[in-house]
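What follows is a set of notes on a single structure, which appears directly below.
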Amino acid sequence: MRCGKIVCVGQNYREHIKELNNDEPAEPVLFLKPPSSIIADGEEIIVPAGIGAVHHEVELALIIGRRAKDVLPHEALRHVRSVAVFNDVTAREMQSTARKAGMPWALSKGMDSFAPLGAPVPLRDVEDVHCLDLELSVNGKLRQKGNTGQMIFPPEVLISYISRFMTLESGDVIATGTPSGVGPLNDGDVVEAKISGIGKLTNKVRAL
Ligand code: MG
27 MRCGKIVCVG
37 QNYREHIKEL
47 NNDEPAEPVL
57 FLKPPSSIIA
67 DGEEIIVPAG
77 IGAVHHEVEL
87 ALIIGRRAKD
97 VLPHEALRHV
107 RSVAVFNDVT
117 AREMQSTARK
127 AGMPWALSKG
137 MDSFAPLGAP
147 VPLRDVEDVH
157 CLDLELSVNG
167 KLRQKGNTGQ
177 MIFPPEVLIS
187 YISRFMTLES
197 GDVIATGTPS
207 GVGPLNDGDV
217 VEAKISGIGK
227 LTNKVRAL
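Numbers 27 to 234, taken from the numbering used here, label the letters of the sequence shown in order.
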C-alpha cells in the first residue's frame with residue numbers, strides 16, 4: 027500500500043508502560059516511521075543480523091482521508107478514511123540503548139519491513155473505534171490482548187494533538203500504541219495480529 031508518513035504513538039496503554047518501566051506521559055509521545063518500512067499481510071518481517079532483540083507490538087492504525095490541521099477532537103474522526111491492523115515492529119535493545127543515551131528511535135523503529143499494515147477497513151464499517159479487541163499471537167500462542175478503550179489518549183485526541191504541530195494528509199497513518207505483552211520475535215516465527223471487526227495481519231519472521 028502507498029502511504030505518507032507514519033506517525034506512531036508510544037506509551038499509550040498503562041499496562042505496556044508498566045512492563046517497560048516507564049512513567050505515564052502527560053502528553054502523547056510521538057515518533058515517525060518511514061513509508062519504506064511498510065509491508066503487507068503475508069510479507070516477511072526481515073531482521074538484520076546483529077541488532078539484538080526485536081519485539082512485536084499490535085496496534086490500531088488510523089488512515090487519514092482528508093487533510094487535518096488544527097482540528098478539534100470532536101471533528102477529528104471525520105478526517106479518518108479507514109482503519110487497519112498494524113504491527114509496530116521494534117528493535118528493542120537498540121531502542122533501549124538509544125533511550126538511555128537520549129538519542130532518537132528512528133533506526134530501531136524504522137527499518138525496512140518493520141511496519142506490517144493490514145488491509146484497510148472503511149471507518150464507516152466499524153461500529154466503535156473506542157471498543158475494539160486487539161490480540162497478537164506468535165506461532166499460535168497468545169502474547170498480547172487489550173482493548174482500544176484502554177488508550178490513555180483516544181484516537182480523536184491523538185489526531186487533534188498531532189494536527190496542532192504536523193499537518194496530516196490523505197494517506198498518512200497514525201499507529202495508536204500497543205497494549206502489554208510485547209515480546210521477542212525469532213527466525214521462522216509466524217506473527218498474527220488481530221483486531222475485532224477489522225481483520226488479521228499475518229507475517230513470518232526471517233532473521234538474516
Ligand atoms: Mg508501538
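Ideal placement from N, C-alpha and C gives every residue a C-beta, glycine not left out.
Leaving aside the five residues that flank ASP215 on each side, the residues in its chain whose CB is nearer than 8 Å to its CB run, in chain order, VAL164, ASN165, LYS230, VAL231. Residue nearest to LEU98 within the set PRO130, PHE191, SER206 is PHE191 (criterion: CA-CA distance). Listed as beta-bridge partners of ILE188 by DSSP are no residues whatsoever. Assigned with DSSP and collapsed to three states, ARG150 falls in helix. Its Cα nearest to that of ARG118, the residue MET137 stands out among MET137, ARG104, PHE112, LEU103. Following the DSSP letters along the chain, one finds ALA127 inside the alpha helix (DSSP H) bounded by residues 118-127. In summary, MET129 is exposed, with fewer than 16 beta-carbon neighbours lying within 10 Å of its beta-carbon over all protein chains present. The beta carbon of PRO61 sits closer than 8 Å to the beta carbons of ARG28, CYS29, GLY30, LYS31, ILE32 from its chain, once the five residues preceding and following it are set aside; these are given in chain order. One alpha carbon belongs to HIS100, the other to GLU182, and they sit about 7 Å apart. Around the beta carbon of GLY203, 16 or more other beta carbons sit within 10 angstroms, so the residue counts as buried. About 25 Å separates the beta carbon of LYS220 from that of VAL55, a gap too long to meet the 8 Å contact definition. For ligand 1, the residues with a Cβ under 5 Å from any of its heavy atoms are, in chain order, GLU83, ASP114, THR204. Within the segment 30-92, the complete alpha helix (DSSP H) segments of 4 residues or longer fall at 40-45, listed in chain order. About 7 Å separates the beta carbons of ALA66 and LEU143, which is inside the 8 Å limit, making them a contact pair.
Scanning its chain for C-beta atoms nearer than 7 Å, with the 5 sequence neighbours on each side dropped, one finds around GLY223 the residues VAL152, GLU153, LEU158, in chain order.
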